[in-house]
Amino acid sequence: MPGRDALVIGINMYDNIHQLRPLRSPSENAEEIARVLEKYDHDYRFSVRRLPCVNDVGARGPMVCPRTSVTIRAVKEALIQLFNPEGRNFPDTALLFFCGHGFRINSGGIQEAYLAASNSDPRGEIMGISLKWLRELLQKSPVRRQIIWLDTCHAAELFNFDEAYPGDRGQAKDLCFIAASREFEEAREEAFARRGVLTGALVKTLDPTTQPDGEVSNLRLCDFIART
Numbered sequence: 013m014p015g016r017d018a019l020v021i022g023i024n025m026y027d028n029i030h031q032l033r034p035l036r037s038p039s040e041n042a043e044e045i046a047r048v049l050e051k052y053d054h055d056y057r058f059s060v061r062r063l064p065c066v067n068d069v070g071a072r073g074p075m076v077c078p079r080t081s082v083t084i085r086a087v088k089e090a091l092i093q094l095f096n097p098e099g100r101n102f103p104d105t106a107l108l109f110f111c112g113h114g115f116r117i118n119s120g121g122i123q124e125a126y127l128a129a130s131n132s133d134p135r136g137e138i139m140g141i142s143l144k145w146l147r148e149l150l151q152k153s154p155v156r157r158q159i160i161w162l163d164t165c166h167a168a169e170l171f172n173f174d175e176a177y178p179g180d181r182g183q184a185k186d187l188c189f190i191a192a193s194r195e196f197e198e199a200r201e202e203a204f205a206r207r208g209v210l211t212g213a214l215v216k217t218l219d220p221t222t223q224p225d226g227e228v229s230n231l232r233l234c235d236f237i238a239r240t
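So in this note's numbering, spot 178 of the sequence shown is number 190, and the numbers just go up one at a time.
Listed below in structure tokens is the structure:
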């Protein structure tokens, strides 16, 4: 069975608290997703990398750390390692889950959206992880199956399908994009929980015991989320 790698990012801490307030739920959301992906049967289990990560002194093992900062450089390096690593040792399936702040910048009438790292400054020169850059990374990636789940504001800026699909520019790929909000929207949280609505829907749908035949597919994920 080809490799299945996942990068799960949950960022609570931000340096510029006047522009990006600290959050409570992203690390918890990311850890929930990580544990769901790791508990599948052997053939379908993901090898999960957490960011930021801390090793729990108890029996739980690695977990997404709620009190650690993550730089833009660290996030970009982790994304490159997942989707376009050096050499020929890359997975058949790569999954990204990101939970944290997202923001848009309007410069000269041109809109651009970013995923925020801890050192992002929306009003300065240190922005974040450009979704345009991420699209281009996915185009160049040799990974055949790419899964992107963004539980953040303005996430659907990534959904420029004319640019996202490689067409004749690369190998045919299976792409699954799920965003918590459209490009002009902010993400929502569940009414009685700290987790995002998207994270809650993913956790419920990814549990194979909730499916009649025990299988989880992109179509079932999208159908359930659309009804949430």
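Note that beta-carbon positions come from the ideal geometry of N, C-alpha and C, so glycine has one too.
A quick note: this is a predicted structure, and the numbers were derived from the prediction, not measured.
(message) Below 8 Å on the Cβ atoms is my contact criterion, and I expect residue 162 with residue 91 to pass it. Report the Cβ-Cβ distance as a whole number of Å.
(response) Contact doesn't hold; Cβ gap of about 12 Å is too wide.
(request) Could you please give the first and the last residue of the uninterrupted beta strand (DSSP E) stretch that includes residue 159? (result) 157-163
(request) Tell me, please, which residues DSSP counts as bridged to residue 75. (result) Beta-bridge pairing links residue 75 to 66.
(message) Taking the alpha carbon of residue 157 as the reference point, which residue from 96, 44, 213, 35 has its own alpha carbon closest?
(response) For the residues 96, 44, 213, 35, the minimum Cα distance to residue 157 belongs to 96.
(message) What does the alpha-carbon distance come out to for the pair residue 45 and residue 65?
(response) 14 Å
(request) Quick one: using the 10 Å Cβ neighbour count with 16 as the cut-off for buried, is residue 118 buried or exposed? (result) Label assigned to residue 118: exposed.
(message) Please report the straight-line C-alpha distance between residue 38 and residue 32, rounded to a whole angstrom.
(response) 13 Å
(message) Shorter than 6 Å, the distance from the beta carbon of residue 161 to the closest heavy atom of the ligand ADP, or not?
(response) Inclusion of the ligand ADP in the displayed structure is not the case, the ligand content being empty and no account of it being possible.
(request) Taking residue 76 and residue 20 to be in contact with their CB atoms under 8 Å, please state how far apart those CB atoms are, rounded to whole angstroms. (result) 7 Å
(request) Identify the continuous alpha helix (DSSP H) that holds residue 215 and give its terminal residues. (result) 209-218
(message) Please give the ranges of any alpha helix (DSSP H) in the segment 80-138, keeping only runs that are unbroken, at least 4 residues long and fully inside the region.
(response) 84-95
(request) Closer than 7 Å by C-beta to residue 29: which residues in its own chain qualify, once you throw out the five before and the five after it? Chain order, please. (result) none
(request) Would you kindly report the start and end of the unbroken beta strand (DSSP E) that includes residue 16? (result) 16-22
(message) Taking only three categories from DSSP, how would you classify residue 146?
(response) DSSP places residue 146 in helix when its eight states are reduced to three.
(message) For residue 16 and residue 23, what's the separation of their Cα atoms in angstroms?
(response) 23 Å
(message) Once DSSP output is grouped into helix, strand and coil, what is the label at residue 36?
(response) coil
(request) Using three-state DSSP, classify residue 57 as helix, strand or coil. (result) coil
(request) Report the partner residues of residue 187 according to the DSSP bridge assignment. (result) Partner(s): 158.
(request) Please report how far the alpha carbon of residue 217 lies from the alpha carbon of residue 48, in whole angstroms. (result) Distance between the alpha carbons of residue 217 and residue 48: 10 Å.
(request) Select from 209, 191, 136 the residue whose C-alpha is nearest the C-alpha of residue 27. (result) 136
(request) Please determine, among 148, 41, 86, the residue with the shortest C-alpha to C-alpha distance to residue 1. (result) In the structure as shown, the chain begins at 13 and stops at 240. Residue 1 is therefore absent and cannot be evaluated.
(request) Would you kindly work out how many angstroms separate the C-alpha atoms of residue 219 and residue 212, rounded to a whole number? (result) 11 Å
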